[in-house]
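Read the structure below first, then the notes.
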């Protein structure tokens with residue numbers, strides 16, 4: 523039987539190694555679960571990205587998400603081959619891509635988590651029936667916490683089971699508390715017989 527898998531999706535101007543603390547924490551707390559953090563497909567001067575932020579606006583962000591799907595699929599598809607329990611966990615831009623993958627309904631997802639992120643995908647939505655965890659810092663200076671709250675509300679309106687947490691005093695980052703929330707959330711979905 524294939525081992526369950528959590529795929530970590532980093533934010534812009536970063537790489538998979540940027541999520542090593544989260545990867546290591548999840549690997550320690552989710553025995554028998556593989557945790558991987560690939561690099562996004564497009565290079566930037568400081569790392570990688572899932573889609574370009576150059577001249578991005580709220581009006582063109584949805585189109586950028588759609589245009590990024592083919593490259594996202596090329597990164598993720600080999601990782602999920604022959605897996606029957608797959609979860610995505612994204613930070614910031616990676617969270618947008620994780621939520622998008624959920625909303626397209628094309629992936630065999632059992633859970634999705636997003637840190638410091640927003641719902642940026644265009645309808646129509648045909649979501650996989652997987653639970654969602656949204657964690658956002660109340661003091662996020664990059665993506666306001668209201669965006670995470672709105673994402674959670676929109677996903678609930680689609681009939682999804684959504685847990686959301688706004689962490690007081692936290693900026694645009696993944697904290698130890700956020701890591702514990704993710705480990706508990708994924709454990710419920712991946713550590714089943």
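Numbering (this note's numbering), first residue to last: 523 to 715.
Just so you know, even glycine gets a beta-carbon here, dropped at the ideal spot from N, CA and C.
Close beta carbons around residue i, own chain, < 8 Å, minus the five adjacent residues each side
i           : result
residue 691 : 659, 660, 661
Proximity below 8 Å, CB of residue i to CB of residue j
i           : j           : result
residue 647 : residue 631 : no
residue 655 : residue 613 : no
residue 594 : residue 618 : no
residue 711 : residue 609 : yes
residue 634 : residue 652 : yes
residue 681 : residue 552 : no
residue 530 : residue 558 : yes
residue 673 : residue 639 : yes
residue 694 : residue 657 : no
residue 714 : residue 611 : no
residue 534 : residue 566 : yes
Residue i versus residue j - alpha carbon distance
i           : j           : result
residue 649 : residue 582 : 22 Å
residue 590 : residue 597 : 11 Å
residue 642 : residue 587 : 7 Å
residue 577 : residue 615 : 15 Å
residue 561 : residue 689 : 27 Å
residue 623 : residue 669 : 18 Å
residue 488 : residue 636 : The requested residue 488 is not part of the displayed model; the chain covers only 523 to 715.
residue 542 : residue 677 : 28 Å
residue 564 : residue 532 : 12 Å
residue 667 : residue 621 : 16 Å
Neighbourhood of residue i by C-beta distance below 6 Å, restricted to the same chain and skipping five residues each side
i           : result
residue 644 : 584
residue 526 : 555, 607, 712
residue 602 : 608
Residues that residue i bridges to, as DSSP identifies them
i           : result
residue 695 : DSSP, once it has assigned bridges, lists no residue as partnering residue 695.
residue 634 : 610, 654
residue 566 : 569
residue 621 : Note: residue 621 sits in no beta bridge, so no partner.
residue 536 : 570
residue 686 : 656
residue 529 : 558, 610
Residues near residue i in its chain [Cβ-Cβ closer than 7 Å; skip 5 each side]
i           : result
residue 606 : 524, 630
residue 627 : 648, 649, 650
Residue-level contact to chain C via CB, residue i, 8 Å cutoff
i           : result
residue 697 : Checking the listed chains, one finds no chain C in this structure; it contains a single protein chain.
Closer than 7 Å: residue i CB and nearest the ligand NAP heavy atom
i           : result
residue 572 : Only the bare structure without any ligand can be found here, which leaves the ligand NAP out of the picture.
Exercise. With contact counted as at least three CB pairs below 8 Å, one residue from each stretch, are the stretch 570–580 and the stretch 532–539 in contact?
Worked result: Touching, yes, given that three or more Cβ pairs across the two stretches are closer than 8 Å.
Problem set entry | Contact the stretch 545–559 vs the stretch 701–708: 3+ CB pairs below 8 Å | With the cut-off at 8 Å, the stretch 545–559 and the stretch 701–708 touch.
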